[in-house]
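Presented below is the structure to which this report refers.
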Amino acid sequence: NRKYNLNPPITQGVFLPPTRDPERTEVPLSDAIAGFATNSNEYAKPFQFLNLGILAYTGGETAMAQVSTAPNLEPVKSVGKVGNFLWRSVYLSKQVSWRNRVLVLNDWAKKNWFGRDITRL
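Numbered as in our numbering, the sequence shown ends at 313 without a single skipped number.
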């Protein structure tokens, strides 16, 4: 421990509890946590939130979308069918592979042609 002397002198056979060592520099708790987390005395980079946008499907082929196009520009906002188109285009663009994009498009086409309830086919 940095703040306590864990080996105090034993006087007359009496063991004394650990005492504070005034020679050691005291470090605030936040600095100690930062030093432990980074394994050095340097500070970790501060957290910065990057808002990429908000998408919400509201049902009935409608959605709300707010997508940031650039950091300094106003975000694009849309509601309803246009919001649904924006939501679907962002959803497709975030798919990992072309295979997943084709599967998602296939699922959307099946839903439009047959509906959600497939027990009556």
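Glycine residues also receive a C-beta, built at the ideal position from the N, C-alpha and C atoms.
As the structure is a prediction and not an experimental result, all values here were calculated from the model.
Nearest-angstrom Cα separation, counted from residue j out to residue i
{"i": "residue 156", "j": "residue 257", "result": "Absent from the model: residue 156. The displayed extent of the chain is 193 to 313, so no value can be given."}
{"i": "residue 282", "j": "residue 297", "result": "13 Å"}
{"i": "residue 299", "j": "residue 305", "result": "10 Å"}
{"i": "residue 242", "j": "residue 261", "result": "12 Å"}
{"i": "residue 286", "j": "residue 244", "result": "12 Å"}
{"i": "residue 265", "j": "residue 309", "result": "42 Å"}
{"i": "residue 294", "j": "residue 240", "result": "35 Å"}
{"i": "residue 249", "j": "residue 271", "result": "10 Å"}
Residue i, buried or exposed, once every other Cβ within 10 Å from all chains shown has been counted against 16
{"i": "residue 276", "result": "buried"}
{"i": "residue 279", "result": "buried"}
Nonlocal neighbours in the same chain, by C-beta distance under 6 Å from residue i, ignoring five residues either side
{"i": "residue 246", "result": "258"}
{"i": "residue 290", "result": "none"}
{"i": "residue 284", "result": "293"}
Residues bridged to residue i [DSSP beta-bridge criterion]
{"i": "residue 268", "result": "259"}
{"i": "residue 254", "result": "251"}
Nearest-angstrom beta carbon gap, residue j and residue i [assumed within contact, 8 Å]
{"i": "residue 273", "j": "residue 254", "result": "6 Å"}
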